[in-house]
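Position one of the sequence shown corresponds to residue 682 (the working numbering), numbered consecutively onward.
One structure below.
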Amino acid sequence: MSDARTSAAAVVGDAHGGAGGEAAAAAAPADVFVRFRPLVGDEVDNGDAEMERLPPEDVKTGRAVGAGGGRAEEEKKGAAASPSPSPSPSPTDVRAVGLRGEQHGRAQVWRMGGFAGVLEACHSNEDLFAVALAPRLGAVLAGGTACVFAYGHTGSGKTHSLLGYRARGQAGLYQMAAAALLRDMAARCGAEAVLAVRLYELYGREVVDLMDGRAACAVREDASGVMRVRGPTVRRGEHGSRVEVRPPRSFIARSAEELAAAVDAAAALRRVGSSSLHDESSRSHAVLEMEVVTPALMAAREATVVALGEYTEAGHGCDGELRALMSRAYARQEDGSWQQVAEVDSAAVAAVEARRAAAKARYEAVEAREREAAAATPGAGGTLVCVDLAGSEFAEEGFAARAAAQSAAARKEAREINKSLLALKECIRAL
682 MSDARTSAAA
692 VVGDAHGGAG
702 GEAAAAAAPA
712 DVFVRFRPLV
722 GDEVDNGDAE
732 MERLPPEDVK
742 TGRAVGAGGG
752 RAEEEKKGAA
762 ASPSPSPSPS
772 PTDVRAVGLR
782 GEQHGRAQVW
792 RMGGFAGVLE
802 ACHSNEDLFA
812 VALAPRLGAV
822 LAGGTACVFA
832 YGHTGSGKTH
842 SLLGYRARGQ
852 AGLYQMAAAA
862 LLRDMAARCG
872 AEAVLAVRLY
882 ELYGREVVDL
892 MDGRAACAVR
902 EDASGVMRVR
912 GPTVRRGEHG
922 SRVEVRPPRS
932 FIARSAEELA
942 AAVDAAAALR
952 RVGSSSLHDE
962 SSRSHAVLEM
972 EVVTPALMAA
982 REATVVALGE
992 YTEAGHGCDG
1002 ELRALMSRAY
1012 ARQEDGSWQQ
1022 VAEVDSAAVA
1032 AVEARRAAAK
1042 ARYEAVEARE
1052 REAAAATPGA
1062 GGTLVCVDLA
1072 GSEFAEEGFA
1082 ARAAAQSAAA
1092 RKEAREINKS
1102 LLALKECIRA
1112 L
């Protein structure tokens, strides 16, 4: 039997900042919502059946359980209606799920609990947004960070939930969140506030900027110990001695419509392939960031990037001058030691260090102006991160034949995806 595919939306609370009034966002480090979808496409054509749901009284999880779930027409094109055993409850009334099916030819029962809510096939993306994401947006407008992951095996409907299908008029969670943020930003953050949108892809050990034509990026730890995605390195100056580490490209959005158009164009560059279960499966993790900024803040950040490159260039130049001064005052001996053979030009050394200090002061002044630009706007820096994860795969009966037909590269790709998803699962479990 084939089950009704499920996906999990793990919503993580604000990681920094955020005013104290955002009680819903601060209630738990992470909330996990489960969403069922009905059979679609080949599943319907093949006459597959959904797995049997256990009655609420048979789900023993130690958490409150509401009424059983129904089935209705799915938003996806080609979805088939399924019998509804009972009226659909509110998503947050159900906290556990029980399924009965077969595994390796033997009857099997699965019981899972501790969820923040369970959404049935009759629940729309709007329902999911209302319970899972809308309560977190206040923290974003207060300067905090919220994150939503779409997690599940391939073909479970993650991309449909998070990104939607604009061609069919079906908005995803990110579009609803963008519309809500843009609607409320003027009142809470000021008339100059806009959204800076970034979209990049993680595939194996590669990171590319989808907003910049798949430009290569890198993940680096900054001075504060925070992991950040860095864009291409640009060399400037007559001899390329000034190095600027660019951030990923940001698209400045003032309306939900232009934001969605930019994301659609960038998402079209995402890596898609055939998996053992899905002919058009996302084979990478896509990370969409929407940050509250102002034009003044973006200009200040650009100035900081340039100033850091100039400061680094000046520092390297000073290092070279000091090495030259010391080489005139010291000589290497036959035994490898260094012996002073002349007086060090203290005045020249002091002049070099003064130039280094002046370059540092110029950089710190630019950096201070960036902080001032951020502080001038309430909520500036607040960020919503939407992660559409690649689908996990498994080799069970009924799927082994399709998996065997994949190339060695495709099977290696699936293993890498599963390994990264396992690491993420352990991180969320630790919360």
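Even glycine gets a Cβ: it sits at the ideal position worked out from N, Cα and C.
Residue span of the alpha helix (DSSP H) that contains His-841, given as start and end
Numbered from 1 along the sequence shown, position 160 holds the residue referred to as residue 841. That run of the alpha helix (DSSP H) goes 839-843.
### Query
For Ala-858, is the classification buried or exposed, using 16 other Cβ atoms within 10 angstroms of its Cβ as the cut-off for buried?
Your numbering for residue 858 matches position 177 in the sequence shown. With 16 or more Cβ atoms within 10 Å of its Cβ, Ala-858 is classed as buried.
Does the region 1064-1072 come into contact with the region 823-831, if we say contact requires no fewer than three beta-carbon pairs (one atom in each stretch) closer than 8 Å?
yes
Worksheet item: If you draw a straight line from the alpha carbon of Glu-1034 to that of Tyr-1011, how long is it in whole angstroms?
Response: By one-based count along the sequence shown, residue 1034 stands at place 353. By one-based count along the sequence shown, residue 1011 stands at place 330. Each residue's Cα considered, the two are about 19 Å apart.
Exercise. When burial is assigned at 16 or more other CB atoms within 10 Å of the CB, is His-841 buried or exposed?
Worked result: The residue labelled residue 841 in the question sits at position 160 within the sequence shown. By the neighbour-count rule (16 or more Cβ atoms within 10 Å), His-841 is buried.
Use the C-beta contact count for Thr-914: other C-beta atoms within 10 angstroms, 16 or more gives buried, fewer gives exposed. Start at 1 with the first residue of the sequence shown, and residue 914 comes out as number 233. Looking at its Cβ environment, which holds fewer than 16 other Cβ atoms inside 10 Å, Thr-914 is exposed.
(request) Just the C-alpha distance for Thr-773 and Pro-929, rounded to the nearest angstrom, thanks. (result) What you label residue 773 is simply residue 92 of the sequence shown in a count that begins at 1. What you label residue 929 is simply residue 248 of the sequence shown in a count that begins at 1. So the alpha carbons of these two residues sit roughly 37 Å apart.
With H, G and I counted as helix, E and B as strand and the rest as coil, what does DSSP make of Glu-731?
As a first step, residue 731 is located in the sequence shown; it is residue number 50 there, counting from the start. Correct three-state label for Glu-731: coil.
Exercise. By how many angstroms is the C-alpha of Ala-1055 removed from the C-alpha of Gly-824?
Worked result: Locating residue 824 in the sequence shown gives position 143, where the first residue counts as 1. Locating residue 1055 in the sequence shown gives position 374, where the first residue counts as 1. One C-alpha to the other measures close to 10 Å.
Check your understanding: For the beta strand (DSSP E) that Val-715 lies in, which residues bound it at each end?
Key -> Against the sequence shown, residue 715 aligns to sequence position 34. Residues 711-717.
Assuming Arg-1009 is part of the alpha helix (DSSP H), what are its boundary residues? In the sequence shown, counting from the first residue as 1, residue 1009 sits at position 328. Element bounds for Arg-1009: 976-1010.
Original post:
Where does Arg-916 fall in DSSP's three states?
Top reply: The residue you call residue 916 lines up with position 235 of the sequence shown. The answer is strand: DSSP assigns Arg-916 an E or B state.
Checklist entry - Taking all protein chains shown into account, do 16 or more other C-beta atoms lie within 10 angstroms of the C-beta of Gln-1021, making it buried, or fewer, making it exposed? => result For the purposes of this step, residue 1021 is taken as the residue at position 340 of the sequence shown. Exposed, because fewer than 16 other Cβ atoms sit within 10 Å of the Cβ of Gln-1021.
TODO: Whole angstroms is fine: what's the gap from Leu-1105's alpha carbon to Ala-942's?
DONE: As a first step, residue 1105 is located in the sequence shown; it is residue number 424 there, counting from the start. As a first step, residue 942 is located in the sequence shown; it is residue number 261 there, counting from the start. In a straight line, the C-alpha of Leu-1105 is about 30 Å away from that of Ala-942.
Taking the alpha carbon of Ala-1028 as the point to measure from, which residue in Met-1007, Thr-1058, Ala-1089 has its own alpha carbon closest? Walking along the sequence shown from the start, residue 1028 turns up at place 347. The candidate whose alpha carbon is nearest that of Ala-1028 is Met-1007.
Between Arg-734 and the ligand NAP, is the CB less than 7 Å from at least one heavy atom? Because no ligand of any kind appears in the structure shown, any question about the ligand NAP cannot be addressed here.
Just to confirm my understanding: we take Phe-796, look at its own chain, exclude 5 residues before and 5 after, and list those with CB closer than 6 Å. What are they?
If you number the sequence shown from 1, residue 796 lands on position 115. Excluding sequence neighbours, Phe-796 sits near Val-713, Val-715, Arg-776.
* Asked: Looking only at C-alpha atoms, which of Ala-980, Asp-1026, Leu-863 sits nearest to Arg-1050?
  -> Residue mapping note: residue 1050 aligns to position 369 of the sequence shown, counting from 1. Closest by alpha carbon: Ala-980.
Collapsed DSSP secondary structure at Lys-1100 in the structure displayed
Here the question's residue 1100 lines up with position 419 in the sequence shown. Residue state, collapsed to three classes: helix.
Going straight from the alpha carbon of Glu-1053 to that of Ala-977, what length do you get? Taking the first residue of the sequence shown as 1, we reach residue 1053 at position 372. Taking the first residue of the sequence shown as 1, we reach residue 977 at position 296. Cα-Cα distance, rounded: 10 Å.
Self-check item: Whole-angstrom distance between Leu-735 and Arg-901, CA atom to CA atom
Solution: Counting from 1 along the sequence shown, the entry for residue 901 is found at position 220. Counting from 1 along the sequence shown, the entry for residue 735 is found at position 54. Their Cα atoms are separated by approximately 47 Å.
| Are the region 1030-1049 and the region 806-820 touching, with three or more C-beta to C-beta distances below 8 Å? | no
inquiry  = Which residue wins for smallest C-alpha separation from Ala-730, given the options Gly-1072, Pro-737, Asp-739, Pro-719?
reply    = Counting from 1 along the sequence shown, the entry for residue 730 is found at position 49. Ranking the options by Cα distance to Ala-730, first place goes to Pro-719.
Answer yes if the region 981-989 comes into contact with the region 878-896, meaning at least three C-beta pairs across the two stretches below 8 Å, and no otherwise.
-> no
When we look at the beta-carbon of Lys-839 and count the other beta-carbons within 10 Å, is it buried (16 or more) or exposed?
The residue you call residue 839 lines up with position 158 of the sequence shown. Buried, because 16 or more other Cβ atoms sit within 10 Å of the Cβ of Lys-839.
- Message: By the three-class DSSP mapping on this structure, what secondary structure does Ala-823 have?
- Response: Stepping through the sequence shown from its first residue, residue 823 is reached at position 142. Residue state, collapsed to three classes: coil.
Do Leu-822 and Cys-870 have their C-beta atoms closer together than 8 Å?
Taking the sequence shown and counting its residues from 1, the one referred to as residue 822 is at position 141. Taking the sequence shown and counting its residues from 1, the one referred to as residue 870 is at position 189. Yes.
Along the chain, where does the alpha helix (DSSP H) that runs through Met-892 open and close? By one-based count along the sequence shown, residue 892 stands at place 211. That residue, Met-892, is in no alpha helix (DSSP H); it is neither H nor E in DSSP.
* To do: Go through its chain and collect everything with a Cβ distance to Ala-1040's Cβ below 6 Å, but skip five positions before and after it.
  => In the sequence shown, counting from the first residue as 1, residue 1040 sits at position 359. The answer, listed in chain order, is Tyr-992, Ala-995.
I need the straight-line Cα distance from Glu-783 to Gln-789, nearest angstrom please. In the sequence shown, counting from the first residue as 1, residue 783 sits at position 102. In the sequence shown, counting from the first residue as 1, residue 789 sits at position 108. Computed Cα separation, rounded: 5 Å.
If I'm right that Leu-844 touches Gly-853 with Cβ under 8 Å, what's the distance once you round it to whole angstroms?
Position 163 of the sequence shown, counted from the start, is the residue given in the question as residue 844. Position 172 of the sequence shown, counted from the start, is the residue given in the question as residue 853. Sure, about 4 Å apart at Cβ, within 8 Å.
- [ ] Would you kindly check if the distance between the Cβ of Arg-917 and the Cβ of Val-1117 is under 8 Å?
- [x] Shown here, the chain extends from 682 to 1112; a query on residue 1117 therefore has no answer.
Exercise. Flag this pair as yes or no: are the beta carbons of Leu-1003 and Leu-880 separated by less than 8 Å?
Key: Stepping through the sequence shown from its first residue, residue 1003 is reached at position 322. Stepping through the sequence shown from its first residue, residue 880 is reached at position 199. For Leu-1003 and Leu-880, no; Cβs fall outside 8 Å.
How long is the line joining the alpha carbons of Leu-950 and Asp-893, rounded to whole angstroms? Counting from 1 along the sequence shown, the entry for residue 950 is found at position 269. Counting from 1 along the sequence shown, the entry for residue 893 is found at position 212. Whole-angstrom Cα-Cα distance: 10 Å.
Using CA atoms only, rank isn't needed, just tell me which of Asp-739, Ala-1023, Cys-803 is closest to Gly-794. Looking up residue 794 in the sequence shown gives position 113. It is Asp-739.
request  = Inspect the beta-carbon positions of Ala-860 and Ile-933 and report whether they are closer than 8 Å.
outcome  = Against the sequence shown, residue 860 aligns to sequence position 179. Against the sequence shown, residue 933 aligns to sequence position 252. In this structure, Ile-933 does not lie closer than 8 Å to Ala-860 by Cβ.
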